[in-house]
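**Student:** Take 77 as the starting number for the sequence shown in my numbering and just add one per residue. Glycine residues also receive a C-beta, built at the ideal position from the N, C-alpha and C atoms. Mind having a look at this structure? Questions to follow.
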Amino acid sequence: MFQQEPPSLGNQYEDDRVLRSYVKRLIPENSLAAVESSLFEMGKLAGTDLYQLQLADRLNEPVLTQWDAWGNRIDKIELTPLWRLAERVAVDHGVVATAYEQKLGKLSRVHQCALAYLFTPSTDIYSCPLAMTDGAARTLLTHTNQTLIDRAVPHLVTRKPEEFWTAGQWMTELIGGSDVGSSETVARKEEDGTYRLYGRKWFTSAVNSQMALTLARPEGNPPGGRGLALFYVETHDATGGLNNIVINRLKDKLGTRKVPTAELTLAGTQAQLVKGITDGVRNITPLLNITRLWNGISAVALMRRGLALVSDYATKRVVFGKRLSEQPLHVDTLEGLRAEFEAAFHLAFYVAELTGRSETGEIDDDQALLLRLLTPIMKLTTGKQAVIVASEVLESFGGAGYVEDTGLPALLRDSQVLPIWEGTTNVLALDLLRALGQGGTRRRYEDVRHGMTLLLSTANQHFESVRDPHLAAAARVALSALEHARGWLASTDGQTQEHGDKATSPVRSLVRIEAGARRFALTLGRAMELTLLIRHAQWSQDHEQDGRSTLAARRFASSGIDLIVDDLPFRLE
Ligand SMILES: Cc1cc2nc3c(=O)[nH]c(=O)nc-3n(C[C@H](O)[C@H](O)[C@H](O)COP(=O)(O)OP(=O)(O)OC[C@H]3O[C@@H](n4cnc5c(N)ncnc54)[C@H](O)[C@@H]3O)c2cc1C
77 MFQQEPPSLG
87 NQYEDDRVLR
97 SYVKRLIPEN
107 SLAAVESSLF
117 EMGKLAGTDL
127 YQLQLADRLN
137 EPVLTQWDAW
147 GNRIDKIELT
157 PLWRLAERVA
167 VDHGVVATAY
177 EQKLGKLSRV
187 HQCALAYLFT
197 PSTDIYSCPL
207 AMTDGAARTL
217 LTHTNQTLID
227 RAVPHLVTRK
237 PEEFWTAGQW
247 MTELIGGSDV
257 GSSETVARKE
267 EDGTYRLYGR
277 KWFTSAVNSQ
287 MALTLARPEG
297 NPPGGRGLAL
307 FYVETHDATG
317 GLNNIVINRL
327 KDKLGTRKVP
337 TAELTLAGTQ
347 AQLVKGITDG
357 VRNITPLLNI
367 TRLWNGISAV
377 ALMRRGLALV
387 SDYATKRVVF
397 GKRLSEQPLH
407 VDTLEGLRAE
417 FEAAFHLAFY
427 VAELTGRSET
437 GEIDDDQALL
447 LRLLTPIMKL
457 TTGKQAVIVA
467 SEVLESFGGA
477 GYVEDTGLPA
487 LLRDSQVLPI
497 WEGTTNVLAL
507 DLLRALGQGG
517 TRRRYEDVRH
527 GMTLLLSTAN
537 QHFESVRDPH
547 LAAAARVALS
557 ALEHARGWLA
567 STDGQTQEHG
577 DKATSPVRSL
587 VRIEAGARRF
597 ALTLGRAMEL
607 TLLIRHAQWS
617 QDHEQDGRST
627 LAARRFASSG
637 IDLIVDDLPF
647 RLE
């Protein structure tokens, strides 16, 4: 009787050509050995113990117990065995700590992201609490509130499991996740100078964390994001009880089902200001920059996992007398997905490089602006790619990809969260316009020009070493898309001047820019991915005599880089 051999995983570092080639290019040889041993270890765990437990843990979910047997409200959450092990592994292997120990200087972020990338796909989004923990540590350090730094940061970045804390990020309310400035949670000042928070938080992942950063409006403050303040909350008091927090329920979600995402009521929760009594939305930005980086790293990690499984399966599944890995159309399908992944990988890790530079102070003004622009670009582009790749991976397994106990459908469900949380695609596209000085009603032509020129000059710098004619042709595709994006923005601006109708034209022009923001942002994302892939491909040819990244770059160049449509009819009813 026929028996199908299932897909299997090897050492997830050893088998990953893209990651191995990248770290070889980036990390100096004398540091690489130490880094590589940690990646080998994590790669082994991800392909063996963690992966096996992940499959065995498939049906387990966190459980919220709201009452004890004697009628006391307890709101306790029990995590699944996989998540309990994941925490231990993450702490032991420094999946957060590596970025703060900075043993590799400005490359420590890259090292940490490589660990997170290997760790994430076998731990059912344990990356979520880690991302927020990392983001909270960075936020507290940025705001130099020494009391809070001394109190919390050592717990967040420790390698000792018994001392480790995770952090939550409680922003979204019923009234708004994107429009967080309209938050309704109120902060009432106590006589001792601390605050108590009253309100409802509508999405709070990893609610079992020991601390959280949250937004609330001190009484008397004005409406809008400026009137909110950033608060530090410890979830439990000295007796172990909750800090006047009621967990109303856990969300019943499409994916990320191991993540305990809760709806909370803050009923007089004790809290401390992190920095000032206003500008909470601005002050929580360091956290968002880190969680957006994690989002991108998770996106490429999940793509890579899908491809690892489906590539192995293609060597085992025989159809029409031949393996799938020998069927030209199947091979072509997978090559397209690999190119998407490899391009996305280089953008996500480039943002990690820039983040690392900014954390060690080795960043100039242009690089800082580049980081500001590329963080939303990278998050929104890779999030979309993760969903498309996961969907195609499932199809590439045929019916098996749709069957729950293969473990495969979770890849698609978990990927689908990536374009939603930490800023949706549209919200980040608008954030990009703001970063370019083009959002809202203020228009700063100089900033726009500078931002676009910076992206173009960055691309040109990366192409300086390119000699391979195929890569040079691909580089022209990237440059042409970037030029088109610059031209589109300028011509949409231009309408203001051409029409000369001071009362209405600027508004019309802004409407058109906003309407095209997603196509614009995705074009920049894909063009920068192509750029970085080309640069790596030339290096890989030169130093590894490997042409596989070149093939990926050529394929990616012909997969729709420029998504901008000129003169698209648009009417805002
Ligand atoms: C699994 C999960 C876990 C989460 N965990 C957390 C958490 O731990 N902490 C937390 O604070 N939040 C969390 N969130 C919430 C998440 O960040 C928000 O759901 C997200 O930011 C979107 O906000 P919203 O749900 O209010 O949607 P809305 O803001 O209502 O958005 C609806 C749609 O409108 C679009 N849109 C919004 N504004 C504009 C605009 N100006 N122009 C064009 N389009 C626009 C959006 O892109 C979206 O498609 C989580 C969400 C999920 C799904």
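Three Cβ pairs or more, each shorter than 8 Å: is that satisfied between the stretch 253-262 and the stretch 172-190?
**Tutor:** Result no; under three Cβ-Cβ pairs closer than 8 Å.
**Student:** Could you pull the DSSP bridge partners for residue 262 from this structure?
**Tutor:** Answer is 274, 293, bridged to residue 262.
**Student:** With DSSP collapsed to three states, give me the class of residue 638.
**Tutor:** Here residue 638 sits in coil by DSSP.
**Student:** Report all residues from its chain with a CB closer than 8 Å to the CB of residue 567; omit the five preceding and five following residues, and keep chain order.
**Tutor:** Same-chain partners within the cutoff: 642.
**Student:** Inspect the beta-carbon positions of residue 605 and residue 457 and report whether they are closer than 8 Å.
**Tutor:** In contact: residue 605 and residue 457 (Cβ atoms closer than 8 Å).
**Student:** Find out if the Cβ-Cβ distance for the pair residue 535, residue 555 is shorter than 8 Å.
**Tutor:** Yes, these two residues count as a Cβ contact at 8 Å.
**Student:** Would you call residue 537 buried or exposed, if buried means 16 or more other Cβ atoms sit within 10 Å of its Cβ?
**Tutor:** Classification of residue 537: exposed, given that the 10 Å Cβ count is below 16.
**Student:** Residue 143 bridges to which residues according to DSSP?
**Tutor:** Answer by DSSP bridge pairing, in chain order: 149.
**Student:** Roughly how many whole angstroms lie between the Cα atoms of residue 428 and residue 371?
**Tutor:** So the two alpha carbons sit approximately 11 Å from each other.
**Student:** By DSSP's criteria, residue 310 is part of a beta bridge. Which residues make up the other side?
**Tutor:** Paired residue(s): 287.
**Student:** Does the beta carbon of residue 602 come closer than 8 Å to any beta carbon on chain B?
**Tutor:** Here chain B cannot be found, since the structure has a single protein chain.
**Student:** Is the beta carbon of residue 418 sitting closer than 8 Å to the one on residue 609?
**Tutor:** Contact: yes.
**Student:** DSSP three-state call for residue 319: helix, strand or coil?
**Tutor:** Coil at residue 319, not helix or strand.
**Student:** Expressed to the nearest angstrom, what Euclidean distance is found between the alpha-carbon atoms of residue 254 and residue 364?
**Tutor:** Those two C-alpha atoms are separated by around 13 Å.
**Student:** Could you please give me the residues that DSSP links to residue 300 through a beta bridge?
**Tutor:** Its beta-bridge partners do not exist; DSSP assigns none.
**Student:** Within this structure, are the beta carbons of residue 107 and residue 616 separated by less than 8 Å?
**Tutor:** Contact flag unset, no.
**Student:** Determine the direct distance from the alpha carbon of residue 629 to that of residue 547, and round the result to whole angstroms.
**Tutor:** Those two C-alpha atoms are separated by around 7 Å.
**Student:** Looking only at DSSP bridge pairs, what is residue 282 linked to?
**Tutor:** Answer by DSSP bridge pairing: none, since residue 282 is not bridged.
**Student:** Looking at residue 423: is its Cβ nearer than 8 Å to the Cβ of residue 454?
**Tutor:** Against a cut-off of 8 Å, the Cβ pair of residue 454 and residue 423 comes out as a contact.
**Student:** Report buried or exposed for residue 507, applying the criterion of at least 16 other Cβ atoms within 10 angstroms of its Cβ.
**Tutor:** Residue 507 is buried by the Cβ-count criterion.
**Student:** Here's the rule I'm using: 16 or more other beta-carbon atoms within 10 Å means buried, otherwise exposed. How should residue 146 be labelled?
**Tutor:** Exposed.
**Student:** Can the beta-carbon of residue 465 be found less than 8 Å from the beta-carbon of residue 498?
**Tutor:** No, Cβ-Cβ distance for residue 465 and residue 498 is not below 8 Å.
**Student:** Taking 8 Å as the cut-off, decide whether the C-beta atoms of residue 487 and residue 325 are in contact.
**Tutor:** The answer is no: Cβ separation not under 8 Å.
**Student:** Tell me which residue opens and which closes the alpha helix (DSSP H) that residue 613 is part of.
**Tutor:** Taken as a continuous stretch (DSSP letters only), the alpha helix (DSSP H) holding residue 613 covers 593-620.
**Student:** Beta-carbon within less than 7 Å of residue 623's beta-carbon, same chain only, minus the 5 sequence neighbours each way: which residues are those?
**Tutor:** Only 617 meet the Cβ criterion.
**Student:** When you compare only the Cα positions, how much space is there between residue 575 and residue 550?
**Tutor:** Since pLDDT at residue 575 reaches only 43, below the 50 mark, its modelled position is unreliable, and the value read off the structure follows with that caveat. The alpha-carbon atoms of residue 575 and residue 550 are separated by roughly 38 Å.
**Student:** Does the stretch 206-222 come close enough to the stretch 134-154 to have 3 or more Cβ pairs within less than 8 Å?
**Tutor:** Contact fails: fewer than three Cβ-Cβ distances are below 8 Å.
**Student:** What is the DSSP secondary structure of residue 180, reduced to helix, strand or coil?
**Tutor:** DSSP places residue 180 in coil when its eight states are reduced to three.
**Student:** When the Cα atoms are used, what is the spatial distance from residue 471 to residue 173?
**Tutor:** Roughly 38 Å separates the two Cα atoms.
**Student:** How many angstroms separate the CA atom of residue 481 from the CA atom of residue 543?
**Tutor:** The alpha-carbon atoms of residue 481 and residue 543 are separated by roughly 48 Å.
**Student:** Alpha carbons only, please: which of 271, 637, 278 is nearest the one belonging to residue 295?
**Tutor:** For the residues 271, 637, 278, the minimum Cα distance to residue 295 belongs to 271.
**Student:** If contact is defined by three or more beta carbon pairs under 8 Å, each pair taking one atom from either stretch, is the stretch 301-320 in contact with the stretch 276-288?
**Tutor:** The answer is yes - the stretch 301-320 touches the stretch 276-288, with three or more Cβ pairs under 8 Å.
**Student:** Compute the Euclidean distance between the alpha carbons of residue 425 and residue 222, then round it to the nearest angstrom.
**Tutor:** If you take the alpha carbons of residue 425 and residue 222, they lie about 31 Å apart.
**Student:** Going by DSSP, what residue range makes up the alpha helix (DSSP H) through residue 364?
**Tutor:** Looking at the DSSP string, the run of the alpha helix (DSSP H) that includes residue 364 is 361-390.
**Student:** Distance check for residue 599 and residue 627, CA to CA, integer angstroms please.
**Tutor:** Going by the C-alpha atoms only, they are around 21 Å apart.
**Student:** Specify the secondary structure class of residue 96 as computed by DSSP and reduced to three states.
**Tutor:** Correct three-state label for residue 96: helix.
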